[in-house]
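> Please read through the structure below; I'll follow up with questions.
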Amino acid sequence: MSYRDKIQAKVKDPQLMKHGEEIFDREFFGVCFKKYNREELLGQCGWNKLVLKFIEKNVPFGDVSGKKVIDIGCGWGALPRVLKDRGFEVTATDISAFIIKRAKKIQKDIDFRVEDVEKGIGAAGKFDYIFALEVLEHLKNPHKAVRNIKKKLREGGFFIFSTPYPNKWNKADPTHISINYPEYWISLGKDLGFKEVSFKYATFIPFFYKYTNLFDWILPIRVDNRYINSTCFFFFKN
C-alpha cells in the first residue's frame with residue numbers, strides 16, 4: 005500500500021478532522037512514525053538529504069554561516085535536522101502542537117514553534133531561505149500563506165517549496181484541498197512580486213536510497229504513478 009493509500013485509509017472524514025487537531029494529527033503522522041524516537045528521525049533524514057541535494061543544484065547555498073532558514077510545515081523535523089547539520093540557523097514551524105511537542109523532545113538545538121502560516125510567521129527578523137515542502141496543498145488559503153512568507157524573506161532570499169502535480173491519485177488524497185497545476189503557482193509568485201519564479205519536476209527513485217548511496221538521485225521529470233513519489237519544486241526569489 006502506498007503512503008497516499010495509507011493516508012486515505014486513516015483519514016475517514018477530512019471535513020471533521022484537520023491538521024492541528026490532535027485526533028487528526030495522531031492518525032496522520034502515525035502512518036510514518038510509531039515511537040517518535042531518534043531512530044525514526046534519522047530514517048527520515050536520509051530522504052531529506054536527498055531532497056536538499058536536489059534543491060542545491062537549483063539554488064546553490066554557498067557559505068551558509070550566519071544564514072537563517074525557516075521550515076514551514078516541518079512535521080517531525082527531519083529537514084530542519086539536515087539544515088542544522090548543514091550549518092544554517094534553523095527555525096521550524098508546524099500547525100500541529102502534537103508533532104512539535106515530540107520534535108522538541110528529540111531536537112533541543114532547533115527552535116520549534118506551533119504556528120499557522122496562513123495567520124503569519126512569528127519569528128523575529130527575516131530569513132535567507134524559507135522552505136515549505138508538501139505543505140501548500142493542505143492549506144485553505146495558500147495565497148495568504150505565500151504572502152506572509154514573502155514578508156519574512158530578505159531581499160534576494162528564496163522561498164523554496166514543493167507541491168504535488170494534480171493527477172488523479174494526488175487529487176484523491178482528502179488532505180489535498182488546494183492542489184493546483186504549476187502554472188497556478190508560477191502566476192501566484194509573479195502576482196505577489198517575486199523577482200524570479202521557476203519550477204522543476206522531481207521524481208524520486210523509490211526505496212533504494214535507504215540502502216545505498218548509489219541511488220541517491222532524482223529524475224527531473226514527472227511520473228504519474230500512485231506508487232512513485234513525483235512532485236514539483238518551485239524556486240521564488242524575493
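Residue numbers for the sequence shown follow our numbering, so the first one is 5 and each next one is one higher.
C-beta: ideal position from N, C-alpha, C; glycine also.
Keep in mind that this is a model prediction, so the values were computed, not measured.
#1: Looking at the structure shown, is Y133 part of a helix, part of a strand, or coil, going by DSSP?
#2: Quick one: grab the DSSP three-state call for K156.
#3: From R117 to T95, what does the alpha carbon distance come to, in whole angstroms?
#4: Quick check for students: name the residue ranges of the beta strand (DSSP E) that lie wholly in the segment 142–196, counting only runs of 3 or more.
#5: My output table needs one value for M5: the three-state DSSP class, helix, strand or coil.
#6: Can you tell me which of F65, R90, V121 puts its alpha carbon nearest to the alpha carbon of I99?
#7: State yes or no: is the C-beta of F203 within less than 8 Å of the C-beta of W221?
#8: Is DSSP giving V68 helix, strand or coil here?
#9: Identify which residue in T97, H142, G160 has its Cα closest to the Cα of G124.
#10: When DSSP builds the beta bridges, which residues end up paired with C49?
#11: Take the Cβ of S46 as the centre, count every other Cβ of all protein chains shown within 10 Å, and call the residue buried at 16 or more, exposed below.
#12: Please classify D132 as buried or exposed, where buried requires at least 16 other C-beta atoms within 10 Å of its C-beta.
#13: Rounded to the nearest angstrom, what separates H147 and I164 at their Cα positions?
#14: Grab me the residues of A206's own chain with a C-beta within less than 8 Å of its C-beta, minus the 5 sequence neighbours each way, in chain order.
#15: Count the other CB atoms, across all protein chains shown, that sit within 10 Å of the CB of N242; report buried if there are 16 or more and exposed otherwise.
Short version:
#1: Position 129 of the sequence shown, counted from the start, is the residue given in the question as residue 133. Strand, per DSSP.
#2: Locating residue 156 in the sequence shown gives position 152, where the first residue counts as 1. Per DSSP, reduced to three states, the secondary structure at K156 is coil, with no helix or strand assignment.
#3: Here residue 117 refers to the residue found at position 113 of the sequence shown. Here residue 95 refers to the residue found at position 91 of the sequence shown. Taking the straight line from one Cα to the other gives about 8 Å.
#4: Whole beta strand (DSSP E) segments, 3+ residues: 157–167.
#5: Position 1 of the sequence shown, counted from the start, is the residue given in the question as residue 5. With a pLDDT of 48 at M5, under the threshold of 50, the predicted position of this residue should be treated as unreliable, and no value is reported.
#6: In the sequence shown, residue 99 corresponds to position 95, counting from 1. When the alpha-carbon of I99 is set against those of F65, R90, V121, the nearest one is in V121.
#7: Against the sequence shown, residue 203 aligns to sequence position 199. Against the sequence shown, residue 221 aligns to sequence position 217. At least 8 Å separates the beta-carbon of F203 from that of W221.
#8: Walking along the sequence shown from the start, residue 68 turns up at place 64. In the structure shown, V68 sits in coil (DSSP, three-state: anything other than H, G, I, E or B).
#9: As a first step, residue 124 must be located in the sequence shown, where it is residue number 120. Cα-wise, what sits closest to G124 is T97.
#10: One-based indexing of the sequence shown puts residue 49 at position 45. Answer by DSSP bridge pairing: none, since C49 is not bridged.
#11: Residue numbering aside, residue 46 sits at position 42 when the sequence shown is read from its first letter. Rather than Ser, the amino acid found at residue 46 in this sequence is Leu. Looking at its Cβ environment, which holds fewer than 16 other Cβ atoms inside 10 Å, L46 is exposed.
#12: By 1-based counting over the sequence shown, the position of residue 132 is 128. D132 comes out buried.
#13: For the purposes of this step, residue 147 is taken as residue 143 along the sequence shown, with counting starting at 1. For the purposes of this step, residue 164 is taken as residue 160 along the sequence shown, with counting starting at 1. Distance between the alpha carbons of H147 and I164 is about 15 Å.
#14: Taking the first residue of the sequence shown as 1, we reach residue 206 at position 202. F58, S166, I222, L223, P224, S234, T235, C236, F237.
#15: For the purposes of this step, residue 242 is taken as residue 238 along the sequence shown, with counting starting at 1. N242 should be labelled buried.
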